[in-house]
Amino acid sequence: MKRMNHLLRTLFGSVLCAGVVACAIALVSCNDEGIGDETLLYGRWEAVDYEGYEKEGGEIVYEWGFDPAMDAGDYVIFYSDGTYEEGTASGPGDSGTWRVKGNKIYVTADGETIGASVPTLTSSSLVLVYRYSEPGYEYYERSSFRKVE
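Sequential numbering of the sequence shown, starting at 1172, is according to our numbering.
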């Protein structure tokens, strides 16, 4: 299993396998109201907060949160041509393509697609929520970003 760069993990969680990704996309909220003005996504976004957990059998086995000492400078850039790149203060990370459908953003890197809902998108704030569950397992992550360009 390919471990995605830290920011992609922050954005959308880890990819377990292609079948899991397909299930995750199907299980993300079915609300198709849309995210509003998609052009607000264009530009550089810096992570300002995130939190998440993994549960197995109803018990939290792993949880995490934003650590400014380690995570300051994590970023993602969404380009108007449908491509993106992400990275950390120490350098670039993965890149790929992105698209919006309904109230979700989908990113594809190395042939794998992950979707997250977009509960907040303004000219200065972006919040992404990724959820996945199957019997006996649950994954949740909420990431907040501020526009820096």
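Every residue, glycine too, gets a C-beta built ideally from N, C-alpha and C.
| Asked | Found |
| --- | --- |
| Would you check if the distance between the CB atom of E1312 and the CB atom of V1298 is smaller than 9 Å? | no |
| Do you know offhand how far E1257's Cα is from F1316's? | 13 Å |
| For the candidate residues G1253, T1279, N1274 and K1275, whose alpha-carbon lies nearest to that of D1265? | T1279 |
| How long is the line joining the alpha carbons of S1288 and R1302, rounded to whole angstroms? | 9 Å |
| Figure out for me which residue from G1262, G1307 and P1263 has the closest Cα to the Cα of V1232. | G1307 |
| Tell me the rounded alpha-carbon separation between G1207 and L1292. | 8 Å |
| Can you give me the Cβ contacts of T1254 inside the same chain, cut-off strictly under 8 Å, excluding the 5 residues immediately before and after it? | S1266, G1267, T1268 and W1269 |
| From E1217 to I1285, what does the alpha carbon distance come to, in whole angstroms? | 20 Å |
| Could you please give the first and the last residue of the uninterrupted alpha helix (DSSP H) stretch that includes P1239? | P1239 to D1242 |
| Helix, strand or coil: which one does DSSP assign to T1210? | helix |
| Rank D1220, E1227, E1209 and G1214 by C-alpha distance to the C-alpha of M1241 and give the top, closest one. | D1220 |
| Taking S1294 as the reference, give the member of E1320, D1238, D1252 and F1237 with the closest Cα. | E1320 |
| Applying the criterion that 16 or more other CB atoms from any shown protein chain within 10 Å of the CB defines a buried residue, is K1272 buried or exposed? | exposed |
| Please check the pair S1251 and Y1310, which I expect to be a contact at CB under 8 Å, by giving their CB distance rounded to whole angstroms. | Contact doesn't hold; Cβ gap of about 31 Å is too wide. |
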